Amino acid sequence: MAKNAIQKIAMNAAENIPYDKLVLSQKNVRRIKDGVSIEQLAEDIGRRKLIQSLNTRPVLDGEGEETGTFEVPAGGRRYLALGILIKQKRLAKNEPIPCIVNRGQETSAEEDSLAENLRRADLHPLDQFRAFKTLSDQGFDPEEIGARFFVSPATVRQRLRLASVSPKLLGFYEKDEIRLEQIMAFSISDDHARQERIWERIASSHTQEPYYIRRLLTETTVRADDRRAVYVGAEAYEAAGGVILRDLFEQDSGGWFQDAALLEQLVFDRLKVDAEAIRAEGWKWVEAAISFPYGHTSGMRRIYAEAQELSAEEIERYDALKAEYDKLDADYAKAEETDEAIEAKLDQLGAELDAIDDRPQSYDPAQKAIAGAFVTLAANGQLQVDAGFVRAEDEPRPETREVNDDEEGDAEGRARSDGDDSNGVVVNGKPVGDSSEDESEDDGVKPLPDRLIFDLTAQRTLALRNALAGDVDIAFVAALHAFVLQAFYRFAPDTCLEMSLKSGSFSQVDGLAETSWAKEIAERHQAWDRDLPEEAEGLWAFLLDLDEPSRKALFAHCVSLTLNAVVEPWNRRAKALEHADVLGRSLQFDMVDAGWTPTVEFLGRLTKARILQAVREARGANSAQLIDHMKKDIMAREAARLLEGSNWLPEPLRVEVDEVSVDAGDAVAGDMSDEAALDGDAAELPAFLADDADPSSDEPVTIDGDETDHLEAAE
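Position 375 (the sequence shown) corresponds to 374 in numbering that gives the first Met the number 0; numbering is contiguous.
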């Protein structure tokens, strides 16, 4: 029995048809403009010529005969782009156009148009990255590649960076085992081995989010907006061989300085040069460091620069300018209409008066010879010089006032030998705080460490001082209370005011000088210091001449400096600390209102059980369960996110310390339904914890806002 013959397929013939014999078919299913514009497509055809034929059908007359004209049901955008080139006179009207002619018409024109658009497969993003890399290797720069494919040079650089990720990770991306957002995060580093190690570390973890990958890649680096990096500068750092990591997909504020040790060395090298230049101005000593502990100037006398004395001619000129300004200003205030000329004259006179008021200030050379300066870095990375401090041992005459034990210890710590090798310049000489061993972790909640309680209550003390200084009436009552206790009772320890004006500096608490409370206290103290007479003999007359509000404000400031609400394991002052709570309630004081927030650094000093307890107290048990599986450093970071805006405070910072247990936290959370708790937490949680995203979603990936960055394969 003979086999049936298989019918062979006959392809539609390819022909070159003059453009003026082609017409656009109205049966093209594409109606909505999408992707590359017609103008961009015309430019591309002009550069590389037509790389895909048009799909055409002959136009028939009433008797079914070909008319010599052909309609274009598929490839309409290419047809229109060719028309633009003809209008620009870059293409002849009768230029032969490669076409596929469908004379059999076994399918409809609409079907052919639909098939051509649906059967094409978009280029995989990885293929696009590699293709851009190939063009770059061929010598094309990002600007030229972007011009050829109608994307920005920044987009080209992004895709070139993605192509530079570890081939092993790109292989995982090709198999859909890594998401594009994760590849973007890995691209900030060029170290393939480090990229692969981090992926091995997180591959089986619950936390694989891009932000976490960036954090791991930059955990040993220094941000470019850190004051050390700003002070040294990217150019000097790179000139010394340093590498800066950049993120082309997120705002990175200048990137990350990869070599922290090199950066520190460059900071100290430059600080040394700057400190020596400042000492050359005539100071006896200069100390330089990245930062100094709070209270480092305690026990030192401060001298201030004085403005140059005005000559008789300058005084006469100043008085004339002031009189002219006052008269013109008074006359202009009565005018009914504005006058730009008068306003300009007032601005000119005001600038001249300001120039005289702001004339250069200088220190007395004799005073500079016994004083010194502290050189440090401000938060914005600029050099900050605090000059005019006289150490006790450098005073021209011996001190006659009594010096308490704390001040003696501070003076000994600050003393420097005049004959040492530093030549009066000390860089990075601040004492190093003791480091306690990490406490062992277990599942139970232990009491807070004594050192942590001290640090927290030191912060509370400073904040309470700041609040007390702003309430004169309470300050008077507090001082009167202390005076009456001492005058009428045999023992008077039940006050938190140390009316002997002892003022603890708490210099062992890192970062205390950077708090807003410390800065306000220092600014207020310096303002009064400038106004007070230099010699104590004139202080009584000065105070008598003060107006009542100023006297009260000075009194409140002095009283506030005596406040001590620090919990010290070696100094049990239960009654005094109770009084601190009473005082805080009278001031309506709250550490949340004062600006305290649970930072990552603070939470990192707690045990894991304590961190979870804090989250339970603030956000409920459901939120705590979201982070209970994490390592401690990650748990601290995510707990800080969860606690943000919650007004949660650790026990030592609460006005009344409550006995809070883990069980109590669970009980509070248990009062909420699971649905309500989850709904309440979702608004506060990071995106990866909220489980809003569907990891199996088939939504197309959009890169840098371009939905399609390749040319349309078919129309």
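Glycine residues also receive a C-beta, built at the ideal position from the N, C-alpha and C atoms. Being a predicted model, the structure only gives us computed values, none of them experimental.
Problem - Length of the line joining the Cα atoms of Gly241 and Ile520 - result: 39 Å
Exercise for the section: Could you work out which residue in Glu14, Ala114, Arg56, Val508 is closest to Pro95 when comparing CA atoms only? Expected result: Glu14
Exercise for the section: Could you work out which residue in Arg604, Leu79, Leu562 is closest to Asp449 when comparing CA atoms only? Expected result: Arg604
Problem - Member of Ala370, Lys7, Tyr324, Asn379 whose CA lies at the smallest distance from the CA of Asp353 - result: Tyr324
Exercise for the section: Pull up the distance between the alpha-carbon of Leu677 and that of Ala613, whole angstroms please. Expected result: For Leu677, the predicted structure reports a pLDDT of 37, less than 50, and the residue's modelled location is therefore unreliable. A value from the coordinates is still provided. Their Cα atoms are separated by approximately 17 Å.
Handout entry: Stretch pair the stretch 589-602 + the stretch 455-465: three plus CB contacts closer than 8 Å
Key = yes
Exercise for the section: Compare the C-alpha of Ala526 against each of Arg245, Arg301, Leu113 and name the closest. Expected result: Arg301
Handout entry: Collapsed DSSP secondary structure at Ser559 in the structure displayed
Key = helix
Exercise for the section: Would you kindly report the start and end of the unbroken beta strand (DSSP E) that includes Thr55? Expected result: 53-59
Exercise for the section: Under 8 Å Cβ to Cβ from Asp363, same chain only, skipping five residues before and after it: list those, please. Expected result: Ile302, Glu305
Practice task
Please state whether DSSP places Phe291 in a helix, a strand or coil.
Solution key: coil
Practice task
Return helix, strand or coil for Leu455, following the three-state DSSP convention.
Solution key: helix
Practice task
Pair every Cβ in the stretch 220-229 with every Cβ in the stretch 245-265, then say whether three or more of these pairs are closer than 8 Å.
Solution key: yes
Handout entry: DSSP bridge partner residues for Arg301 (one or two, in chain order)
Key = Phe388
Handout entry: Cβ neighbour criterion (16 or more within 10 Å) applied to Asn563
Key = buried
Practice task
Pull up the DSSP beta-bridge partners for Phe69, would you.
Solution key: Leu21, Pro57
Practice task
Give the DSSP bridge partners of Cys98, in chain order.
Solution key: Glu14, Leu53
Handout entry: beta strand (DSSP E) segment containing Phe373, residue limits
Key = 371-376
Practice task
Taking the CB atoms as reference points, tell me whether Leu652 and Arg459 lie closer together than 7 Å.
Solution key: yes
Handout entry: Minimum length 4: unbroken alpha helix (DSSP H) runs contained in the stretch 162-243
Key = 166-173, 179-185, 191-201, 209-216, 226-231, 233-238
Exercise for the section: Would you mind working out which of Ala608, Ala391, Ser204 sits nearest Ser297, comparing C-alpha positions? Expected result: Ala391
Practice task
Go ahead and pull the three-state DSSP assignment for Glu698.
Solution key: Unreliable positioning characterises Glu698 in this predicted model, as indicated by a pLDDT of 40, which lies under 50. A coordinate reading is not provided.
Exercise for the section: Flag this pair as yes or no: are the beta carbons of Glu722 and Leu125 separated by less than 7 Å? Expected result: The question about residue 722 has no answer here: the residues shown for the chain are numbered 0 through 714.
Handout entry: Proximity of Ser585 and Ala468 at Cβ, strictly below 7 Å
Key = no
Problem - Contact set for Leu345: own chain, Cβ-Cβ below 8 Å, skip 5 residues either direction - result: Tyr324, Leu327, Asp328, Tyr331
Problem - Ser361 - DSSP class collapsed to helix/strand/coil - result: strand
Handout entry: Alpha-carbon to alpha-carbon, Lys283 and Pro395
Key = 13 Å
Problem - Sequence-distant residues of its chain with Cβ nearer than 6 Å to Asp665 (five each side left out) - result: Residue placement at Asp665 cannot be trusted, given a pLDDT of 41 that sits under 50; the coordinates are not used to answer.
Problem - Of the listed residues Asp190, Arg158, Lys132, nearest to Lys167 (C-alpha basis) - result: Asp190
Handout entry: Residue closest to Ala319, alpha-carbon to alpha-carbon, out of Ser203, Leu348, Ala340
Key = Leu348
Practice task
Kindly give me the distance between the Cβ atoms of Ser165 and Leu247, rounded to whole angstroms, as I take these residues to be in contact under 8 Å.
Solution key: Not quite, the Cβ-Cβ distance comes to about 17 Å (not below 8 Å), so this is no contact.
Practice task
For the beta strand (DSSP E) holding Val426, just list the boundary residues, first then last.
Solution key: 424-426
Practice task
Out of Ile212, Pro141, Arg56, Asn116, point me to the one whose CA is closest to Phe128's CA.
Solution key: Pro141
Exercise for the section: Give the single residue among Glu567, Val71, Gly294, Val384 whose Cα lies nearest to the Cα of Val28. Expected result: Val71
Problem - Bridge partner(s) assigned by DSSP for Glu637 - result: Looking at the DSSP assignment, Glu637 forms no beta bridge with any residue, so it has no partner.
Practice task
Report the partner residues of Phe139 according to the DSSP bridge assignment.
Solution key: According to DSSP, Phe139 bridges with nothing at all.
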